[in-house]
Amino acid sequence: MAMAIDRRSSYSRAAITLHWLIALAVIGQFLGIQYAEGLSREDPAMATVYMIHKSTGLTILALTLIRLFIRLRRGFIPLPQHMAGWEIVLARGTHVAFYALLLLMPLSGWIFGISADRGLDWYGIFPVPALPAGGLADAAHQFHELGAWALVILFVLHVLGALKHQFLDRDDVLARMLPAARRR
Ligand code: HEM
Ligand code: HEM
805 MAMAIDRRSS
815 YSRAAITLHW
825 LIALAVIGQF
835 LGIQYAEGLS
845 REDPAMATVY
855 MIHKSTGLTI
865 LALTLIRLFI
875 RLRRGFIPLP
885 QHMAGWEIVL
895 ARGTHVAFYA
905 LLLLMPLSGW
915 IFGISADRGL
925 DWYGIFPVPA
935 LPAGGLADAA
945 HQFHELGAWA
955 LVILFVLHVL
965 GALKHQFLDR
975 DDVLARMLPA
985 ARRR
């Protein structure tokens with residue numbers, strides 16, 4: 805099935821808002837873990853930091869599902885004509901891998917990180933049950949750690965790509981995700 809092509813030159817306001825909200829939340833996940841690693845095991849703040857990590861992770865899952873729904877319905881905006889085939893594959897491949905990890909990081913966390921007896925109180929507001937792990941907990945835990953590295957690599961590629969578009973190619977790719985970057 806051919807995917808719809810959105811001929812508009814910029815992402816919708818919803819897509820832009822979700823992109824930056826999710827990006828901030830993902831960066832926050834790493835900073836939160838960094839902070840937790842500096843705490844001693846008995847520190848009472850530890851439980852709160854992990855409650856926030858888990859709640860934010862599940863929020864990223866929900867926001868990503870909404871974002872993918874909008875994205876698949878509206879189709880994609882064509883990349884600039886000047887891009888070589890390998891650049892297009894690298895750019896789109898990075899995006900697809902990002903989407904996969906934005907779903908699989910929260911799901912793997914949910915499988916190993918929410919215990920059946922205690923569940924999770926989402927930001928202390930409402931209960932989220934455990935997923936039936938069915939022996940998958942260890943694999944999910946390993947995936948979560950490898951996936952975190954993959955996210956870091958994708959992030960570097962993604963930001964280098966954005967900077968190349970903005971400063972070497974001087975096209976409108978960053979501007980369509982960050983209207984404040986529009987030239988003139
Ligand atoms: C996009 C969402 C998420 C990101 C980017 C993320 C990222 C991370 C990172 C970077 C680590 C440290 C890994 C390491 O020690 O090498 C981690 C650990 C952890 N995450 Fe997540 N996470 C996400 C979602 C979740 C969710 C939804 C849960 C649970 C519901 C969760 C539960 C945990 C737990 C329990 C650990 C500690 C594991 C350990 O100490 O070995 N995470 N996460
Ligand atoms: C963890 C943080 C981030 C994640 C998970 C992320 C994820 C994504 C994804 C999945 C897309 C594809 C959108 C689509 O077509 O459906 C995208 C597009 C884009 N991102 Fe990010 N992003 C992050 C951070 C950043 C940062 C820091 C920048 C700028 C320096 C940036 C600039 C862009 C731009 C310019 C596009 C549009 C590309 C195009 O038009 O094809 N992103 N991002």
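When you number the sequence shown by this note's numbering, it's gap-free, plus one each residue, and the end is 988.
Beta carbons are placed, not taken as given, at the ideal position from N, Cα and C, and that holds for glycine.
Please read these numbers as outputs of a predicted model, since none were measured by experiment.
Is residue i near ligand 2, in the sense that its beta carbon is under 7 Å from a heavy atom of that ligand?
{"i": "Leu883", "result": "yes"}
{"i": "Val1005", "result": "Nothing can be reported for residue 1005, as the shown portion of the chain is limited to 805 through 988."}
{"i": "Val963", "result": "yes"}
{"i": "His948", "result": "no"}
{"i": "Ile831", "result": "yes"}
{"i": "Tyr839", "result": "no"}
{"i": "Phe903", "result": "Residue identity check: residue 903 is Tyr in the sequence provided, not Phe. The answer is yes for Tyr903."}
{"i": "Met981", "result": "yes"}
{"i": "Arg877", "result": "no"}
{"i": "His823", "result": "yes"}
{"i": "Ala895", "result": "yes"}
{"i": "His774", "result": "Residue 774 lies beyond the residue range present for the chain, which begins at 805 and ends at 988; the question has no answer from this structure."}
{"i": "Phe880", "result": "yes"}
{"i": "Ala966", "result": "yes"}
{"i": "Leu906", "result": "yes"}
{"i": "Phe959", "result": "yes"}
Closer than 7 Å: is that where the CB of residue i sits relative to any heavy atom of ligand 1?
{"i": "Leu828", "result": "no"}
{"i": "Tyr768", "result": "In the structure as shown, the chain begins at 805 and stops at 988. Residue 768 is therefore absent and cannot be evaluated."}
{"i": "Ile864", "result": "yes"}
{"i": "Ala851", "result": "no"}
{"i": "Phe834", "result": "yes"}
{"i": "His969", "result": "no"}
Pop quiz: residue i and residue j are said to be a contact at Cβ under 8 Å. What is the actual Cβ separation, rounded to whole angstroms?
{"i": "Ala934", "j": "Ala920", "result": "4 Å"}
{"i": "Ile826", "j": "Thr852", "result": "Contact doesn't hold; Cβ gap of about 23 Å is too wide."}
{"i": "Arg974", "j": "Tyr815", "result": "Contact doesn't hold; Cβ gap of about 19 Å is too wide."}
Can you find the residues in the same chain that come closer than 6 Å, C-beta to C-beta, to residue i, ignoring five residues on each side of it along the sequence?
{"i": "Leu978", "result": "Ala966, His969, Gln970, Ala985"}
{"i": "Phe916", "result": "Ala941, Ala944, His945"}
{"i": "Thr898", "result": "Leu958, Leu961, His962"}
{"i": "Leu865", "result": "Pro910"}
{"i": "Asp976", "result": "none"}
In its own chain, which residues sit with a C-beta less than 7 Å from the C-beta of residue i, not counting the 5 before and 5 after it?
{"i": "Gly913", "result": "Lys858, Gly861, His948"}
{"i": "Ile833", "result": "The residue you asked about is not Ile; residue 833 is Gln in the sequence shown. His857, Thr860, Gly861."}
{"i": "Ala829", "result": "Thr860, Thr863, Ile864"}
{"i": "Leu907", "result": "Leu865, Thr868"}
{"i": "Met805", "result": "The predicted position of Met805 is uncertain, since its pLDDT is 44 and thus under 50; a value taken from the coordinates is nonetheless stated next. Within the same chain, Met805 has no close Cβ partners at all."}
Note down, in chain order, each residue of its chain lying with its Cβ closer than 8 Å to the Cβ of residue i, except the 5 sequence neighbours on either side.
{"i": "Ala819", "result": "Arg871, Ile874, Arg875, Arg878"}
{"i": "Leu749", "result": "With the chain represented from 805 up to 988, any question about residue 749 goes unanswered, as that position is not in the structure."}
{"i": "Tyr839", "result": "Val853"}
{"i": "Ala849", "result": "Leu843"}
- So, do the stretch 922-938 and the stretch 870-885 have three or more beta carbon pairs nearer to each other than 8 Å? no
- Is the stretch 889-898 touching the stretch 951-965, taking contact as three or more C-beta pairs under 8 Å? yes
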